[in-house]
Amino acid sequence: MVSIVISFIIAFVLSYYKVRYSVPVYKTYGKALLKDEYTAWGQEYFIKGMELVSARNRLTNEIGTISSYNLMRSALNEVDFKVFYYDIGQIKITELYKNSPFEIELDSTVNDYRAISYYVKIIDATTFILSNNQEDFEQSKTYHFNKWFLLNNLNVRFKITDLFEDNRTPEKIFSFVVNDLNSLAKVYQNSIELETDPPESSILKFSLTGPTIQKEIDFINALMNIYIEYGLDENSKIATNTIQFIDEQLIYVAKDLNSNENDIEDFKVGTNAQKLQINSDGLIPNSIVLEDDYLKKQFEYNFYQETIKNLKESEIDKIFIPNIINVNIQDPLYKSISDLMSLYSKKRRLETEVNDSTLVYQLLIEEIVTTREILSANISSRLMQTKFELDRMKEQLLNSNSKLAELPLAESQYVRFNRIYQINNGFYNYLLQKRSEAAVAEASNVPSAKVIEPASDYTVSYAGIDSKSIYMFNMGVAFAFPFLVVLLLFLFNNLIMEKGDIESTTAIPIIGTVGHVKTASNLVILNEPKSIVSESFRAIRTNINYLTKEKKSFTVLITSSISGEGKTFCSINLASAYSLSGKKTLLIGGDLRKPKIFNDFNLSNHIGLSSYLIGKASLSEVIQETEKENLFLISSGPVPPNPSELIETEKMMTFFEEAKKIYDVIIIDTPPVGLVTDALILTQYADVNLYVVRQRFTHKNQLELINQLYTDKKIVNVGIIVNDLKEQRIGYKYGYNYGYGYGYGYGYGKGYYEEDSSKNKPKRKKFINKLKRGSKN
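Just add 383 to wherever you are in the sequence shown, counting from 1, and you've got our numbering.
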């Protein structure tokens, strides 16, 4: 319950600070209507290729165009995003878009700036300090407003604004960032959201999310305007190319027309043209028609030649499709040019977005090459066909001219001059008419999109998480977190937590439990004979008597899986319990590797069990009397180089035979059976084998060894003592603190290394006793 309350308090505090100091985020949008096709040309396009722009208006292509790097970079040129200004607060940072107390003027001769960032502390209306570090202004240089100076190789000048007086707070810190607009364009390229709204319509929604409302509004409106201008430029490109081509043809026709006029005037001066009797029997009108057709076909031939030239020089923007060559939308030539122009448009966008070596770019180049080859082959075929038709028309003109040649010389010359003049004049007027139509179409060109809802304060909505959701979410986490921790600890806990964990792991009976001890001494039953722990050992003593079947003399071996589980503690207090009951008891330090048991009784270890086993001392010489009646001790003795081998000698058997004749109860404190074999060897001399398990310390899988030995009947008369049993509480507490001041130092899984001894004074009991004494006084 306490953990849940603490979690709620922490969650509330975190929620408050998040709501109070987090920077709000807003989303704003603008809308533009995309048209399906251009209507400025009327029902019949002067330029058949204008259907190409209609195809480009498909939504996917338009979204790709809008989100291209070029348009983003162009939009940044329309807004003042060169420098961003910030107010550095104690906790959060606020952007000061068009709201800064100072502004920075950059060198106008530099087009692209490298990104730099500085902190600013304003001293007064004339001076300020710049620093790279927010905390280090003392070592920084002082600068003056309205004066140019060099900052990171960039000429800059700081000027105060009308908001200066409102922000003259002592020690207030600002910051600014000079932006690299090329990098910033990439940022907006990834940030802009484009979608149709409604989904099936041609209304395109431009959206941006950020903490500064006006900045996002300005950029969206700039981007929409740039996109519309881009559409106008694209729409005018074909008409412009057409006018340019016609102007080139008009120059040549005008020269020919002037030459024809001069020829006619010269002929009239040299002859009496009014007296000529011209009787051409319809030859002149027929000849004029043939000549007119020939010139138009020649114009078509020139177009094909110009297109091939542009293809070879990769000047795809100069390609157009005039209506006089009779190419319609179903024509393969139209499709090839349409595809090629679309591919080149896509190539221009990709060049600003990806590297030339990327797969998508290389595939696009291959597609462009293939389309150009198809278009070139198509035009070459048309060129040959047009050349053939020109040759045929030339023969017809020759026949017509031969008939005219049969006229008298003067009449023939006049007819020829007049015919050429009429043909050129008609063709010139025809070109003027077409140029006029193209100019009108170009002037009446309308954009492919129009803004129907600009971004404004009315299109802004809050995009962050509302405070209620933050509180609800954090409170939910706070409520679930303690239970989740308990669940995880339960699922991943492999420690013995209660007697049920032992009973579910092994069939070995539990013969007793020992509570948690906070005293610093191992001699609990001798020092506090009336304590709960002392009674626990008396209960264990009684249960052992059932296992020994009322034998007059018996041996009890005590071991465990690893060190630190309380073998020595249990050995000392169990031996003490028997001595207090009047039994002559011998406590043996059976751990020849780490002798320590003698310390608790303030006895020596200069001779002991190892001394007896190697023949340097007799049984009587190694037995030491303790201060307690009926309690005797044989310490481990000096550490031998071969403890396991000594234990396996016949001398060990002789030792127990002699000892049993003298003592009623023999308690053997042995090394952990999970680490060395000494305890397993000594079990052959024991009537009862006790296995110590410590709560919150012994792992469940460590019981597998003793359980296997018990199942295989390699150890008989086995019982389990549950040591250090703490009061059951809600949840689990890890770590251990047994303060009886003794334990093995073998180290977990590494052998015997060091003992675990902690002194934990019962402070609460002392505090209560102090209160009682105070009340008596």
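Ideal Cβ placement from N, Cα and C applies to all residues, glycine included.
Just so it is clear, the structure is predicted and the values come from calculations on it, not from any experiment.
query	result
Per-residue burial, N1160 [other beta carbons within 10 Å of its own, 16 or more giving buried]	Any reading at N1160 is ruled out, since the residue's pLDDT is 44, under 50, leaving its predicted position unreliable.
Which listed residue (L1029, F771, N1072) has its alpha carbon closest to that of S994	L1029
Residues sharing a beta bridge with S1249, DSSP	Here the chain has residues from 384 to 1160 only, and residue 1249 is not among them.
Terminal residues of the alpha helix (DSSP H) in which N1106 lies	N1106 -> not in any alpha helix (DSSP H); beta strand (DSSP E) instead, spanning 1101 to 1108.
Coil, strand or helix - V385 by DSSP	helix
Pairwise C-alpha distance: Y845 and D1107	58 Å
6 Å Cβ shell around K833 - same chain, five flanking residues per side excluded	L416
D563 beta carbon less than 7 Å from that of A508	no
Reference T1009; option with closest CA among M855, V752, F981, K966	F981
Delimiting residues of the beta strand (DSSP E) encompassing F485	485 to 489
Buried versus exposed, by CB contacts within 10 Å (16 or more), S1019	buried
Same chain, Cβ closer than 7 Å to D676, five either side skipped, listed in chain order	M776
L359 vs T753 beta-carbon contact at 7 Å	Residue 359 lies beyond the range of the chain shown here (384 to 1160); nothing can be said about it.
Cβ-Cβ distance between A605 and V462 below 7 Å	yes
Residue from I449, T492, L992, N645 whose Cα sits closest to the Cα of L804	The sequence as given places Tyr at residue 804; Leu does not occur at that position. Among I449, T492, L992, N645, the Cα nearest to that of Y804 is on N645.
In chain order, each beta strand (DSSP E) run of at least 3 residues that lies wholly inside the stretch 837 to 917	843 to 845, 893 to 898
For L533, the three-state DSSP class (helix, strand or coil)	strand
K977 versus I629, I997, P1026, N956, residue with shortest Cα-Cα distance	P1026
Sufficient close CB pairs (3 or more, under 8 Å) joining the stretch 1081 to 1098 to the stretch 887 to 898	yes
Alpha-carbon spacing of S346 relative to S457, whole angstroms	No statement about residue 346 is possible, as the shown extent of the chain runs from 384 to 1160 and does not include it.
Expected contact under 8 Å - CB spacing of V1076 and I885 to nearest Å	6 Å
Burial state of Y480, where buried means 16 or more other Cβ atoms lie within 10 Å	buried
Classification of P1055 by the beta-carbon crowding that lies within 10 angstroms, buried from 16 upward	buried
Beta-carbon spacing of S523, I506 below 7 Å	no
Limits of the unbroken beta strand (DSSP E) element including F1038	Per DSSP, F1038 belongs to no beta strand (DSSP E); it is in the alpha helix (DSSP H), 1033 to 1045.
Alpha-carbon spacing of K1034 relative to L930, whole angstroms	27 Å
DSSP-derived helix/strand/coil call for S451	coil
Alpha-carbon to alpha-carbon, P912 and T968	17 Å
C-beta atoms of S574 and N857 nearer than 7 Å	no
Cβ shell of Y687 (< 7 Å), same chain only, five flanking positions each side left out	I762, R765, L766, T769
Residue environment, H899, which counts as buried when at least 16 other CB atoms sit within 10 Å	buried
Endpoints, alpha helix (DSSP H) assigned at V570	564 to 574
Spatial neighbours of I733 in its chain, beta-carbon cut-off 8 Å, leaving aside the 5 residues before and after	Checking the displayed sequence, the identity of residue 733 turns out to be Leu instead of Ile. Hits under 8 Å: V743, Y744, L747.
Stretch-stretch touch, CB-based, cutoff 8 Å, three pairs: the stretch 957 to 974 with the stretch 1044 to 1054	yes
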